[in-house]
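A.B. asks: For reference, the structure I am asking about is given below.
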Amino acid sequence: MSLAILTDSGPTVTIEEIHNVEKRLGIIFPDSVRKFFLENNGGTPVPDTFPETDEYEPITISVFLTLNGSPPGEKTLETTYKTGINNGYLPTDLIPFAIDWGGNYLCFNATGQIYFLPMDCWHKDLTLEDNITKKRKLICDTFDRFINSLVIEEEAYE
């Protein structure tokens with residue numbers, strides 16, 4: 001599992017730092033996610049687009065969140081998760097690890113499945129749980145497969 005290029009990454013992360021974040025969030029990251037953060041602490045990916053399928057359009061990633069060490073005011077995985085939980089728009093079982101150009105989240109769960117979670121569609125007549133259930137979309141069954149599926153945007157429509 002490796003991206004061709006990941007620029008603007010945060011400082012190197014240790015396994016102890018990953019374990020500390022896991023403990024604070026109350027979730028054990030899949031091994032592939034741990035490996036990703038040990039190799040790349042967030043940043044801008046090239047290639048950056050998850051290809052379209054019959055079920056959804058391509059998703060172009062703006063940034064992979066850092067685990068820690070972001071410049072002041074920048075989002076980390078942990079602050080993004082806690083803000084989403086505290087403000088009621090993120091379910092506790094999904095951990096955001098990347099953001100697309102529309103401000104939508106790409107999240108992993110404890111088993112490593114990848115979900116697209118749009119932030120721009122909310123139905124005021126539904127409960128929080130119903131909104132989250134309605135808008136979350138499973139897009140890939142493993143983190144490694146997601147990373148290895150990224151292509152440049154021009155190839156995403158093929």
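Here the sequence shown stands for residues 1 to 158, numbered as in full-length UniProt numbering. Quick reminder that beta carbons are idealized off the backbone N, C-alpha and C, glycines included.
1) Spatial neighbours of Phe143 within its chain, please: CB distance less than 8 Å, with the 5 preceding and 5 following residues excluded, ordered by chain position.
2) Using alpha carbons as the reference points, say which of Leu126, Thr92, Thr60 lies closest to Leu146.
3) If I measure Cβ to Cβ from Thr12 and keep anything under 7 Å in the same chain, skipping five residues before and after, which residues do I get?
4) Under a Cβ-count criterion, where at least 16 other Cβ atoms within 10 Å of its own Cβ denotes burial, should Tyr105 be classed as buried or exposed?
5) Nearest to Phe95 by CA position, among Tyr157, Thr133, Ile28, Leu150, is which residue?
6) Among residues of its own chain, excluding the 5 on either side of Gly43, which ones have a beta-carbon nearer than 6 Å to its beta-carbon?
7) State the DSSP-derived secondary structure class of Leu25, mapped to helix, strand or coil.
8) Run through the UniProt domain "Knr4/Smi1-like" (12–149) for me and flag every whole alpha helix (DSSP H) of 4 or more residues, listed as ranges in chain order.
9) How would you write the range of the beta strand (DSSP E) that Ile5 sits in, first residue to last?
10) From Lys124 to Pro118, what distance separates their C-alpha atoms?
11) Taking the alpha-carbon of Leu77 as reference, which of Val151, Tyr157, Asp120, Val21 has the nearest alpha-carbon?
12) How long is the line joining the alpha carbons of Thr80 and Glu158, rounded to whole angstroms?
C.D. replies: Concretely, from the data shown:
1) Within the sequence shown, numbered from 1, the residue matching residue 143 stands at position 143. These residues qualify, in order along the chain: Met1, Pro30, Ser32, Val33, Phe36, Phe108, Gly112, Ile114.
2) Residue mapping note: residue 146 aligns to position 146 of the sequence shown, counting from 1. The question names Leu, but residue 146 in the sequence shown is Phe. When each option's Cα is compared against that of Phe146, the closest is Thr60.
3) Start at 1 with the first residue of the sequence shown, and residue 12 comes out as number 12. Once the five neighbours on either side are set aside, the close Cβ partners of Thr12 are Asn41.
4) Position 105 of the sequence shown, counted from the start, is the residue given in the question as residue 105. By the 10 Å Cβ count, Tyr105 comes out buried.
5) Position 95 of the sequence shown, counted from the first residue, corresponds to residue 95. Looking at the sequence provided, one finds Ile at residue 95 rather than Phe. Among Tyr157, Thr133, Ile28, Leu150, the Cα nearest to that of Ile95 belongs to Ile28.
6) For this step, residue 43 is matched to residue 43 along the sequence shown. Excluding positions up to five away in sequence, the list reads Leu6, Thr7, Asp8, Ser9, Phe64.
7) By 1-based counting over the sequence shown, the position of residue 25 is 25. Helix at Leu25.
8) 15–25, 31–39, 77–86, 128–135, 143–149
9) Sequence index remark: in the sequence shown, residue 5 carries index 5 (1-based). From DSSP, the beta strand (DSSP E) with Ile5 extends over 5–7.
10) Your numbering for residue 124 matches position 124 in the sequence shown. Your numbering for residue 118 matches position 118 in the sequence shown. Rounded to whole angstroms, Lys124 to Pro118 spans 15 Å at the Cα level.
11) Position 77 of the sequence shown, counted from the start, is the residue given in the question as residue 77. Of the candidates Val151, Tyr157, Asp120, Val21, the one whose C-alpha sits nearest the C-alpha of Leu77 is Val21.
12) The count along the sequence shown starts at 1 and reaches residue 80 at position 80. The count along the sequence shown starts at 1 and reaches residue 158 at position 158. Taking the straight line from one Cα to the other gives about 32 Å.
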